[in-house]
Every structure is written in C-alpha cells, then in structure tokens.
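Colleague: Numbering that gives the first Met the number 0 puts the sequence shown at residues 0 to 142.
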Amino acid sequence: MLGKVAKSGVKSLSLDREEKIMFKRIDHVALHVTDLDGSVKFYEKHFGFKHYFQHAAGSGTQIAYLKLGDTVLELTHHFDGAMTGFHFCLETDSFDETVAKLQNDSVKLIRAPHDTAAREPRENGWRRAVFAGPDGEQIELRG
Numbered sequence: 000m001l002g003k004v005a006k007s008g009v010k011s012l013s014l015d016r017e018e019k020i021m022f023k024r025i026d027h028v029a030l031h032v033t034d035l036d037g038s039v040k041f042y043e044k045h046f047g048f049k050h051y052f053q054h055a056a057g058s059g060t061q062i063a064y065l066k067l068g069d070t071v072l073e074l075t076h077h078f079d080g081a082m083t084g085f086h087f088c089l090e091t092d093s094f095d096e097t098v099a100k101l102q103n104d105s106v107k108l109i110r111a112p113h114d115t116a117a118r119e120p121r122e123n124g125w126r127r128a129v130f131a132g133p134d135g136e137q138i139e140l141r142g
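Written out as structure tokens, the structure reads:
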C-alpha cells in the first residue's frame with residue numbers, strides 16, 4: 000500500500016513490510032546564492048552552521064559546504080548569475096543496486112555514476128550519480 004488517508008483527511012505514506020528502503024537520510028541540500036561569503040556568514044551566525052570546505056567547481060562556480068550535525072548545506076555561486084545547482088542528495092548503502100533499480104524503473108539518469116573526491120580530512124570520496132525527478136529536479140545519490 001503506497002498511501003492511505005488518515006482521519007484528518009491528509010494522505011500519509013506507508014510502506015509494505017516487504018519493500019526495501021534504499022535510502023538512509025538526506026545527505027545534503029544545495030542552494031544557489033548571489034553572495035557566497037555573505038551567505039556563509041548568515042548561516043553560521045543565525046543558524047549555527049559551520050563552514051568546513053570551499054572550492055571552485057569550474058565554469059565560474061564556487062561551492063561552500065557548511066555542516067549542522069550530520070546535515071550538509073551546499074551553497075553554490077555562479078559568477079554569471081545563472082540559477083543552477085538546486086538539488087538534494089540521498090545517501091544509500093547499496094549504491095550500485097539502487098542505481099540499477101532506478102534505471103530499471105526508467106528514472107532518467109542525468110549524470111552517470113562516478114567517484115568524487117573527499118571534502119574534508121579523514122573523509123573518503125564516494126560514488127555519485129544524478130537522476131531527474133518528474134519536473135526535472137535533480138536528485139543526487141551518494142553511496
């Protein structure tokens with residue numbers, strides 16, 4: 000059963016016991032900002048995020064990574080003002096299996112699986128793939 004209507008009339012999601020949950024958590028959310036340094040200071044000062052890594056991603060893009068607990072906020076700034084980079088990332092323990100299932104389910108693959116580099120000391124890189132949602136939104140997988 001995918002959904003049922005609660006007494007309040009709001010539809011809730013429930014999973015059959017046999018259905019395997021492939022994802023552990025939302026790993027990060029990415030937002031486009033117009034002032035990278037100002038946004039980093041804003042999220043540090045008002046929300047308690049800690050800035051831990053920043054790099055140039057090519058094509059005039061700068062990315063800053065901030066943490067709050069285990070959650071990462073990825074702030075992207077494009078010098079040409081392009082509003083791109085919006086996505087969220089789901090972490091999975093079974094990366095290859097999850098990618099195969101999504102492809103088998105005809106979910107559009109935007110960026111093929113590939114390795115990434117570490118963002119902080121003592122961290123290993125991970126596998127990454129990007130899929131498209133029904134409205135073109137980007138859904139990144141991390142495994």
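All C-beta atoms in this analysis are idealised placements derived from N, C-alpha and C, irrespective of residue type, glycine included.
#1: At which residues does the alpha helix (DSSP H) containing Asp95 begin and terminate?
#2: With DSSP collapsed to three states, give me the class of Lys3.
#3: Are the Cβ atoms of Val39 and Leu74 separated by less than 8 angstroms?
#4: Specify, as a first and last residue, the run of the beta strand (DSSP E) that Asp69 falls within.
#5: In terms of alpha-carbon separation, which member of Phe48, Tyr42 and Leu35 lies closest to Thr60?
#6: For the alpha helix (DSSP H) holding Gly37, just list the boundary residues, first then last.
#7: Excluding the five sequence neighbours on either side, which residues of its own chain have a C-beta within less than 6 angstroms of the C-beta of Cys88, listed in chain order?
#8: What residue range is occupied by the uninterrupted beta strand (DSSP E) comprising Ile138?
#9: If you follow the beta strand (DSSP E) that Phe130 is in, where does it begin and where does it stop?
#10: From which residue to which residue does the beta strand (DSSP E) around Pro112 run?
#11: Could you please give the first and the last residue of the uninterrupted beta strand (DSSP E) stretch that includes Asn28?
Modeller: Concretely, from the data shown:
#1: Phe94 to Asn103
#2: Bear in mind that the predicted position of Lys3 carries a pLDDT of just 49, short of 50, making it too unreliable to give a figure here.
#3: yes
#4: It is not in any beta strand (DSSP E) - Asp69 carries neither H nor E in the DSSP assignment.
#5: Leu35
#6: Leu35 to Phe46
#7: Asp26, His27, Glu139 and Arg141
#8: Secondary structure note for Ile138: its beta strand (DSSP E) is the uninterrupted segment Gln137 to Arg141.
#9: Counting along the chain, the beta strand (DSSP E) containing Phe130 begins and ends at Arg126 to Ala131.
#10: Leu108 to Asp114
#11: Note on identity: in this sequence residue 28 is Val, with Asn being the wrong assignment. First-last of the beta strand (DSSP E) with Val28: Arg24 to His31.
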